[in-house]
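Note that the sequence shown covers residues 1 to 309 in UniProt numbering.
Glycine included, C-beta positions come from ideal geometry on N, C-alpha and C.
Treat the numbers as computed from the prediction; the structure is a model and nothing was measured.
Below is one structure, written out as structure tokens, with a few remarks after it.
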Amino acid sequence: MKKVFSCILILIVITGCSKDPDITNDMLDGDLIFDPSLYNPQDFLVSYAIPNPTPEQALMPVIITSHGYTATTFEWNEFVQFADSKDVLVSQVLLNGHGRSYNDFQNSTWRDWQRSLIDEYERLVQQGYQNIHFLGSSTSGALLMELIAAGYFKDRVTPGQFLLVDPIVIPSNKSLSLIHVFGPMMGFLEEDQTAEEDKVYYHFRPQETLRELQNLLNKVRKELEKGVVLPQGSSLKVYKSIQDPTADPVSAVLIYKGLKLADGRPVDVEMVESGLHVFTRLELRDPTNTDRLNQLAAFNDIISRVLNN
1 MKKVFSCILI LIVITGCSKD PDITNDMLDG DLIFDPSLYN PQDFLVSYAI
51 PNPTPEQALM PVIITSHGYT ATTFEWNEFV QFADSKDVLV SQVLLNGHGR
101 SYNDFQNSTW RDWQRSLIDE YERLVQQGYQ NIHFLGSSTS GALLMELIAA
151 GYFKDRVTPG QFLLVDPIVI PSNKSLSLIH VFGPMMGFLE EDQTAEEDKV
201 YYHFRPQETL RELQNLLNKV RKELEKGVVL PQGSSLKVYK SIQDPTADPV
251 SAVLIYKGLK LADGRPVDVE MVESGLHVFT RLELRDPTNT DRLNQLAAFN
301 DIISRVLNN
């Protein structure tokens with residue numbers, strides 16, 4: 001605990017002198033770069049691309065992808081390319097408050113982020129799609145588990161698969177648990193990433209959104225401790241990086257212990273030999289051959305589970 005406290009004090013010294021981040025328009029945080037799905041939703045969302053499906057299209061698997069805390073639709077671009085010839089449809093959801101300016105992100109809540117998932121799911125159901133699945137990374141895993149725990153899918157079209165890549169319940173950086181105490185003094189945290197990543201991931205993390213993230217994770221952790229049952233007919237699998245610098249691997253243990261299928265069986269958990277967070281995203285990284293094999297294996301397994309649901 002002393003180490004965590006010392007780290008927080010250092011962060012306050014580094015960031016506390018200025019409550020205003022040094023944002024440039026070369027960053028997603030600025031006022032010029034926006035997620036492309038905001039301009040052309042029909043290129044990202046099945047509900048916009050095919051609003052009136054044929055009977056055959058209505059039966060095709062639709063995979064709703066969603067990204068992590070500071071990310072954008074970019075996080076699932078490689079999967080979309082992989083799935084292009086796999087007899088599935090993919091919706092790339094941009095979480096509300098994301099892909100816009102720093103202020104938009106700063107003023108958003110985790111309920112706002114989650115609302116994007118609900119909106120696309122409900123549009124697809126209303127349009128007649130019957131074979132819907134979710135694929136979420138990092139924070140989106142927590143958002144999906146909260147929906148399940150809240151009973152949102154009861155008496156609705158049941159998603160066949162919930163597929164979670166590096167879902168976060170317990171952060172690797174334990175200082176997040178103190179954000180409610182020190183957040184107002186810090187103002188924001190700065191992410192160490194490349195200039196190219198700055199265009200698709202927020203460079204600065206407002207303390208307000210860190211508080212929202214911590215609130216979400218606390219809620220999900222408590223629900224898992226009580227026990228959560230998936231909707232009848234749904235399955236869930238976790239793909240978890242063993243050396244994840246962002247989401248502590250114990251997250252996978254909590255999910256395995258706390259989530260059960262409707263018939264009482266455990267959910268599937270696959271531990272992946274990787275040091276990456278969201279190991280399925282390799283673009284703008286320097287991947288090893290093992291990283292590429294991990295990504296390919298996960299993508300193939302995701303498609304297989306959806307097609308054989």
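Please report how far the alpha carbon of PHE134 lies from the alpha carbon of TRP113, in whole angstroms.
Start at 1 with the first residue of the sequence shown, and residue 134 comes out as number 134. Start at 1 with the first residue of the sequence shown, and residue 113 comes out as number 113. Cα to Cα, PHE134 sits roughly 15 angstroms from TRP113.
Top-ranked residue by Cα proximity to LEU189, from ALA195, VAL238, GLN106, ILE168
As a working note, residue 189 is residue 189 in the sequence shown. The residue with the shortest Cα to Cα distance from LEU189 is GLN106.
Where are the alpha helix (DSSP H) runs, 4 residues long or more, that stay fully inside the region 93-130, in chain order?
102-106, 110-127
Assigned exposure category for GLN207 - 16 Cβ within 10 Å defines buried
Indexing the sequence shown from 1 puts residue 207 at position 207. Buried, because 16 or more other Cβ atoms sit within 10 Å of the Cβ of GLN207.
Using the three-state DSSP reduction, which class does LEU59 fall into: helix, strand or coil?
As a first step, residue 59 is located in the sequence shown; it is residue number 59 there, counting from the start. Three-state DSSP puts LEU59 in a helix.
Looking at the structure shown, is THR246 part of a helix, part of a strand, or coil, going by DSSP?
Mapped onto the sequence shown, residue 246 falls at position 246. In this structure, THR246 counts as coil in the three-state DSSP scheme.
Nearest to LEU261 (by Cα), restricted to the options TYR239, SER274, LEU230:
What you label residue 261 is simply residue 261 of the sequence shown in a count that begins at 1. That would be LEU230, whose Cα lies nearest to the Cα of LEU261.
Helix, strand or coil at LEU32 [DSSP, three-state]
Along the sequence shown, one-based indexing puts residue 32 at 32. Three-state result, LEU32: coil.
Considering TYR239, what are the terminal residues of the beta strand (DSSP E) in which it resides?
Translated into the one-based positions of the sequence shown, residue 239 becomes position 239. First-last of the beta strand (DSSP E) with TYR239: 235-241.
Sequence-distant residues of the same chain with beta carbon closer than 8 angstroms to ASP268, five excluded per side
Position 268 of the sequence shown, counting from 1, holds the residue named residue 268. These residues qualify, in order along the chain: SER235, LEU236, LYS237, VAL238.
Within the same chain, show all residues whose beta-carbon is closer than 6 angstroms to that of MET1, passing over the 5 residues directly before and after it, in chain order.
Locating residue 1 in the sequence shown gives position 1, where the first residue counts as 1. Interpretation of MET1 is limited by its pLDDT of 39, a score under 50 that renders its predicted location unreliable; no figure is taken from the coordinates.
Hey, how far is the Cα of PHE162 from the Cα of ARG265?
By 1-based counting over the sequence shown, the position of residue 162 is 162. By 1-based counting over the sequence shown, the position of residue 265 is 265. About 15 angstroms.
Reduced DSSP category for VAL220 - H, G, I as helix; E, B as strand; rest coil
Within the sequence shown, residue 220 is the residue found at index 220, counting from 1. VAL220: helix per DSSP, three-state reduction.
Can you list, in chain order, the stretches of the alpha helix (DSSP H) that have 4 or more residues and sit fully within the region 147-214?
Fully enclosed alpha helix (DSSP H) runs of 4 or longer: 179-186.
In three-state DSSP terms, what is ASP301?
Stepping through the sequence shown from its first residue, residue 301 is reached at position 301. Three-state DSSP puts ASP301 in a helix.
According to DSSP, residues forming a beta bridge with HIS133
Walking along the sequence shown from the start, residue 133 turns up at place 133. The partner list for HIS133 (beta bridge, DSSP) reads ILE63.
Distance check for PHE204 and PRO21, CA to CA, integer angstroms please.
Locating residue 21 in the sequence shown gives position 21, where the first residue counts as 1. Locating residue 204 in the sequence shown gives position 204, where the first residue counts as 1. For PRO21 and PHE204, the distance between alpha carbons rounds to 7 angstroms.
Counting Cβ pairs, one atom from each stretch, are 3 or more of them under 8 angstroms apart for the region 62-76 and the region 193-202?
yes
With GLU78 as the anchor, note down where its alpha helix (DSSP H) starts and where it stops.
Within the sequence shown, the letter at position 78 stands for residue 78. Element bounds for GLU78: 77-83.
Three-state secondary structure (DSSP) at TYR69?
Here residue 69 refers to the residue found at position 69 of the sequence shown. Three-state result, TYR69: coil.
Identify the residues that DSSP records as bridge partners of LYS260: which are they?
As a first step, residue 260 must be located in the sequence shown, where it is residue number 260. Per DSSP, the beta bridge partners of LYS260 are VAL229, PRO266.
Secondary structure at VAL90, three-state DSSP: helix, strand or coil?
Indexing the sequence shown from 1 puts residue 90 at position 90. If DSSP states are grouped into helix, strand and coil, VAL90 belongs with the strands.
Could you have a look at VAL278 and say whether DSSP puts it in helix, strand or coil?
Here residue 278 is taken as the residue at index 278 of the sequence shown, counted from 1. If DSSP states are grouped into helix, strand and coil, VAL278 belongs with coil.
Start-to-end residues for the alpha helix (DSSP H) that takes in SER47
Position 47 of the sequence shown, counted from the start, is the residue given in the question as residue 47. SER47 -> alpha helix (DSSP H) spans 46-49.
Take the Cβ of MET145 as the centre, count every other Cβ of all protein chains shown within 10 Å, and call the residue buried at 16 or more, exposed below.
Taking the sequence shown and counting its residues from 1, one reaches residue 145 at position 145. Buried: at least 16 other Cβ atoms inside 10 Å.
Can you look up MET271 in the DSSP assignment and give me helix, strand or coil?
Indexing the sequence shown from 1 puts residue 271 at position 271. DSSP places MET271 in strand when its eight states are reduced to three.
Alpha-carbon to alpha-carbon, LEU117 and ASP286:
Position 286 of the sequence shown, counted from the start, is the residue given in the question as residue 286. Position 117 of the sequence shown, counted from the start, is the residue given in the question as residue 117. Between ASP286 and LEU117, the C-alpha separation is close to 30 angstroms.
Candidates LEU32, VAL80, ASN294, VAL93: closest to SER47 by CA position
Locating residue 47 in the sequence shown gives position 47, where the first residue counts as 1. Closest by alpha carbon: VAL93.
Measuring straight from C-alpha to C-alpha, what distance separates GLU197 and THR158?
The residue you call residue 197 lines up with position 197 of the sequence shown. The residue you call residue 158 lines up with position 158 of the sequence shown. Roughly 35 angstroms separates the two Cα atoms.
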